[in-house]
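Comments concern the structure below.
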Amino acid sequence: MPIQIVRNDITKMKVDAIVNAANNSLLGGGGVDGAIHKAAGPKLLAECRTLSGCETGGAKITGAYKLPCKFVIHTVGPVWQGGGFGEREKLVSCYRRSLELAKKACCETVAFPLISSGVYGYPKDQALRVAVDTVSEFLSENDMTVYIVIFDKASYRIGEKLFKDIEEYIDDRYAEEHTDSVSERIRRMNAAPMPDFSKSIQYGDMAPMAAAAPSLADAVKQLDESFSEMLLRKIDERGMTDSQCYKKANIDRKLFSKIRSDRLYKPSKPTAIAFAIALELSLGETKELLMKAGFALSHSNKFDIIIEYFIEHGNYNIFEINEALFAFDQSLLGA
Ligand code: ADP
Numbered sequence: 007m008p009i010q011i012v013r014n015d016i017t018k019m020k021v022d023a024i025v026n027a028a029n030n031s032l033l034g035g036g037g038v039d040g041a042i043h044k045a046a047g048p049k050l051l052a053e054c055r056t057l058s059g060c061e062t063g064g065a066k067i068t069g070a071y072k073l074p075c076k077f078v079i080h081t082v083g084p085v086w087q088g089g090g091f092g093e094r095e096k097l098v099s100c101y102r103r104s105l106e107l108a109k110k111a112c113c114e115t116v117a118f119p120l121i122s123s124g125v126y127g128y129p130k131d132q133a134l135r136v137a138v139d140t141v142s143e144f145l146s147e148n149d150m151t152v153y154i155v156i157f158d159k160a161s162y163r164i165g166e167k168l169f170k171d172i173e174e175y176i177d178d179r180y181a182e183e184h185t186d187s188v189s190e191r192i193r194r195m196n197a198a199p200m201p202d203f204s205k206s207i208q209y210g211d212m213a214p215m216a217a218a219a220p221s222l223a224d225a226v227k228q229l230d231e232s233f234s235e236m237l238l239r240k241i242d243e244r245g246m247t248d249s250q251c252y253k254k255a256n257i258d259r260k261l262f263s264k265i266r267s268d269r270l271y272k273p274s275k276p277t278a279i280a281f282a283i284a285l286e287l288s289l290g291e292t293k294e295l296l297m298k299a300g301f302a303l304s305h306s307n308k309f310d311i312i313i314e315y316f317i318e319h320g321n322y323n324i325f326e327i328n329e330a331l332f333a334f335d336q337s338l339l340g341a
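Below, the structure is given as structure tokens:
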């Protein structure tokens, strides 16, 4: 998955490069900087001494010594002064400059801490937004896997309002699902008319709205359509290119080629949903695509309700969805 938000200690990440939230002197400090120097050993400090410091928003690269990665990229984030002192631009520059250095060093995998969000005081939810937006902009033009490493999730929360909205949405849906007594449900089932199967084959709740009823042959053909066939058809119908679709789905190119070349490929549920989000499918169409892969959306788990929340609100930004999933301890969308 091109962007992953993970909870970890960055010094343990086995990636090509990790990024250090350093200070202007590059001579070590507390927080993540202290942890990186401690794990890398004294040779890292010796190399840093040769670099003559670094300006805020800039980045410099060194070896990684005893760390399990190949390079350390040192960047200096802005100190938060309330937001009106160009903090955002400087933070954006930290991510851009670090990614440029990583690219020059042919790195395929890079891990960032949430720069400036510790001692430098940048609010964590805003720091994460800048990280995700800047990294995703870079990835729209470059192939790389970038991890955003959150160390202390306890102090991290997505925007208060979004968090509350989602929490309420989950509560309502859970309540809806669990307040029906079993006897009430049985009564309703008994009272319900027999489903008209001929109708459901032709129009099925989940089928896209059709102006005219399709022929039986067409309906059977649609039933036979596999996940990958439906995905490719929807990409064409939306007028998207393959790469626009897999990038928007936060799926890497190799996985997409696999799906493309294997008619019967069975994706994981987060992968299938990631494509539904990239294609901006309605809830009905999303369920139809999921069904092709053998999955459903239900109101008995948080993951599904959060997905439903975003689709119902017409928000198809996969990175925002992943932030919310992360905040609620759910698996993220993508490969
Ligand atoms: P800054 O001075 O840029 O704010 P800090 O090191 O104080 O840098 O904090 C930056 C972020 O790094 C904080 O969110 C902090 O929780 C996190 N952090 C601290 N130690 C680690 C670690 N070992 N791995 C990953 N993140 C860490």
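For the sequence shown, counting from 1, position 8 maps to 14 in this note's numbering; every step adds exactly one.
In this text, a Cβ means the ideal position worked out from N, Cα and C, and glycines have one as well.
Practice prompt. Measure the C-alpha to C-alpha separation of F316 and K298 and round it to an integer number of angstroms.
Written response: The count along the sequence shown starts at 1 and reaches residue 316 at position 310. The count along the sequence shown starts at 1 and reaches residue 298 at position 292. Taking the straight line joining both Cα atoms gives about 21 Å.
Discussion item. Could you check whether the Cβ of L32 sits closer than 8 Å to any Cβ belonging to chain D?
Written reply: No chain D appears in this structure, which consists of one protein chain only.
Item to complete: Use the C-beta contact count for P119: other C-beta atoms within 10 angstroms, 16 or more gives buried, fewer gives exposed.
Response: Looking up residue 119 in the sequence shown gives position 113. P119 comes out buried.
Worksheet item: With 16 as the cutoff for other CB atoms within 10 Å, does R179 come out buried or exposed?
Response: Walking along the sequence shown from the start, residue 179 turns up at place 173. Answer is buried; the Cβ neighbour count reaches 16.
Item to complete: Take L107 as the anchor and find which of L51, F77, Y126, P84 has the nearest alpha-carbon.
Response: Numbered from its first residue, the sequence shown carries residue 107 at position 101. When only C-alpha atoms are compared, the closest one is F77.
Fill in: N- and C-terminal bounds of the alpha helix (DSSP H) containing Y101
By 1-based counting over the sequence shown, the position of residue 101 is 95. Its alpha helix (DSSP H) spans residues 93 to 110.
Practice prompt. Please confirm whether any heavy atom of the ligand ADP lies closer than 7 Å to the CB of I121.
Written response: Translated into the one-based positions of the sequence shown, residue 121 becomes position 115. Indeed, a heavy atom of the ligand ADP lies less than 7 Å from the Cβ.
Discussion item. As an exercise, report each continuous beta strand (DSSP E) stretch of at least 3 residues that is fully enclosed by the stretch 52 to 92, in chain order.
Written reply: 65 to 69, 77 to 82
Worksheet entry | Where P129 falls: helix, strand or coil (DSSP) | Indexing the sequence shown from 1 puts residue 129 at position 123. Here P129 carries a coil assignment [DSSP, helix/strand/coil].
Worksheet item: Given that a residue counts as buried once 16 or more other Cβ atoms are within 10 Å of its Cβ, and exposed if not, what is S234?
Response: The residue given as residue 234 occupies position 228 in the sequence shown. Buried, by the Cβ-count rule.
Practice prompt. Kindly indicate which residue of S306, A28, S288, Y322 has the alpha-carbon position closest to the one of N256.
Written response: Residue numbering aside, residue 256 sits at position 250 when the sequence shown is read from its first letter. N256 has its Cα closest to that of Y322, out of S306, A28, S288, Y322.
Discussion item. Considering only heavy atoms of the ligand ADP, does any lie closer than 7 Å to the CB of A333?
Written reply: In the sequence shown, counting from the first residue as 1, residue 333 sits at position 327. Checking the Cβ of A333 against the ligand ADP gives no.
Worksheet item: What did DSSP end up calling V25 once you bin it into helix, strand or coil?
Response: Translated into the one-based positions of the sequence shown, residue 25 becomes position 19. Strand at V25.
Worksheet item: Which residues in the same chain have their Cβ closer than 8 Å to the Cβ of K96, if we skip the five residues on either side of it in sequence?
Response: Taking the first residue of the sequence shown as 1, we reach residue 96 at position 90. Closer than 8 Å at the Cβ level, and outside the excluded window around K96, lie T62, G63, G83, P84.
Discussion item. I'd like the span of the alpha helix (DSSP H) that includes A117, first residue to last.
Written reply: Numbered from its first residue, the sequence shown carries residue 117 at position 111. Here A117 belongs to no alpha helix (DSSP H); instead the beta strand (DSSP E) covers 115 to 119.
Worksheet item: Is the number of C-beta pairs between the stretch 246 to 260 and the stretch 273 to 287 that are closer than 8 Å three or more?
Response: Between the stretch 246 to 260 and the stretch 273 to 287 there are three or more C-beta pairs closer than 8 Å, enough to call the two in contact.
Fill in: Neighbourhood of R342 by C-beta, 8 Å cutoff - its chain only, sequence neighbours within 5 removed
No statement about residue 342 is possible, as the shown extent of the chain runs from 7 to 341 and does not include it.
Worksheet item: Within the present structure, is the beta-carbon of G124 separated from the nearest heavy atom of the ligand ADP by less than 7 Å?
Response: Within the sequence shown, residue 124 is the residue found at index 118, counting from 1. G124 Cβ: within cutoff of the ligand ADP.
Discussion item. Could you check whether the Cβ of F157 sits closer than 7 Å to any heavy atom belonging to the ligand ADP?
Written reply: Sequence index remark: in the sequence shown, residue 157 carries index 151 (1-based). True, at least one ligand heavy atom lies under 7 Å from that Cβ.
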